[in-house]
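Residue numbers (the numbering used here), protein chains in the order written: chain A, 135 to 348; chain B, 135 to 348.
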């Protein structure tokens, strides 16, 4: 024992290990965070700990849109003031958060990821069949309790403008293109506050393609 | 409510807030970590949570060297095989960890920080007076139970080679320079694996100053 370095107290090493399991946190950051927390009052550590323990106990996945909320159907799906004629298809609940902040007030459908063959995520791992069922149910029962005519339905494929996002959008579009609904995608172009000089060529090409009258 | 964005479930927002209180973790990272944890099994969240709650319950500060351990005096202070004639003065317990890995097997004194006037950390906020008492006690009671002659004592001021570290080392040196002990500092020079071409001028100057015969 004398010739090996003295190890950290077990409770400290345990927390370092827990932090290291998080994405983007390496051994040194995990150490730094843990020793920072050693200076926290006992009460704050208890709060942090019970926030972790209660994280999933107090959340459910919405049976309709697969977003995360405290109730199912979620507060968005059950809010009748929302525009029920628009469904925005996103990869994750964080995307819902971002779109909410942007002012969008329609409905959502959370896929739970994007098609990504390199990481072995295929269409069956996502809520794509659930989306198709959700959409086709409108058509199979045209006289159901949906008050809006189904042809008014707009599906916004709001996946990331990346390889995986585009592939997922194209796959979904292929499945539903025969349904009588409007399918749109988010506009591509220069992000607000950016610099044309530093824009990459594909973004600039999309910005030109999507130019609007002044 | 309809016109404001739907907020996150409370349990999710609570955990985001907890993460945001950590250094180097901003709102976006806190969100990302929290949503990543939502995919963890319940059991792992419980483990992480209890690791946080138990962090301080199972650690104490050593009464002798002020390092963090499960017992006081710590395992280092109470290990009689260690070289009791060397005390290495460091800022934090993480420095102890680094020195242990380097092979050092003497004793330590953990200051709990460095003198840093800009952040209002003065000598009284650190374990400096405790260090002086620890050292002078050797001299006041030369016939005490310390087996080593006090003149053999070496104090290594192993503070960071930064403004704060140098200031702290100089302050401590000023307090103890009249005591009959050897005071040393860690060598300065080129770090192993580095590139002379990219070394900064003060490091190179110190490396030249500290050159050794081949």
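Where a beta carbon is used, it is the ideal one built from N, C-alpha and C, also for glycine.
The ligand FAD heavy atom lying under 7 Å from the CB of residue 303/A: No copy of the ligand FAD appears in this structure; indeed no ligand is present at all.
6 Å CB neighbourhood of residue 153/B in its chain, flanking five on each side removed: 159, 164 and 167
In DSSP terms, what residue 240/B is bridged to: 217/B
Coarse secondary structure for residue 148/B, derived from DSSP in three states: helix
Nonlocal neighbours in the same chain, by C-beta distance under 6 Å from residue 208/B, ignoring five residues either side: 196 and 201
Short CB-CB distance (under 8 Å) between residue 152/B and chain A: yes
Residue closest to residue 325/A, alpha-carbon to alpha-carbon, out of 299/A, 295/A and 150/A: 295/A
Bridge partners - residue 194/B, DSSP secondary structure assignment: 203/B
Residue 228/B beta carbon less than 8 Å from that of residue 170/A: no
Beta carbon of residue 248/A nearer than 8 Å to that of residue 261/A: no
Close-in-space but distant-in-sequence residues of the same chain around residue 142/B (CB under 8 Å, 5 per side omitted): 150
Through-space distance from residue 231/A to residue 144/B, alpha-carbon basis: 14 Å
Under 8 Å by beta carbon: chain B residues contacting residue 209/A: 140
Per-residue burial, residue 226/A [other beta carbons within 10 Å of its own, 16 or more giving buried]: buried
Partner residues on chain A for residue 145/B, Cβ-Cβ distance less than 9 Å: 185, 188, 189, 190, 191, 192, 193 and 204
Among 186/A, 266/A and 203/A, nearest to residue 223/A - alpha-carbon criterion: 266/A
Contact with chain B by residue 149/A, beta-carbon distance below 8 Å: yes
C-alpha gap between residue 214/B and residue 292/B, whole angstroms: 22 Å
Coarse secondary structure for residue 268/A, derived from DSSP in three states: helix
Under 9 Å (Cβ pairs) to chain A, residues found in the segment 308-331 of chain B: none
Within chain B, partners of residue 165/A - CB distance below 7 Å: 228
Range of the contiguous beta strand (DSSP E) that encloses residue 319/B: 316-319
Residue 157/A at chain B interface by Cβ criterion, 8 Å: yes
Chain B contact residues for residue 198/A, given Cβ-Cβ distances below 9 Å: Result: empty, since nearest Cβ-Cβ is about 14 Å, beyond 9 Å.
The beta strand (DSSP E) enclosing residue 288/B, as first and last residue numbers: 288-291
Own chain residues within Cβ distance below 6 Å of residue 320/B, not counting five before or after: 292
Range of the contiguous alpha helix (DSSP H) that encloses residue 182/B: 176-188
CB contact below 8 Å: residue 297/B versus chain A: no
Bridge partner(s) assigned by DSSP for residue 255/A: 250/A
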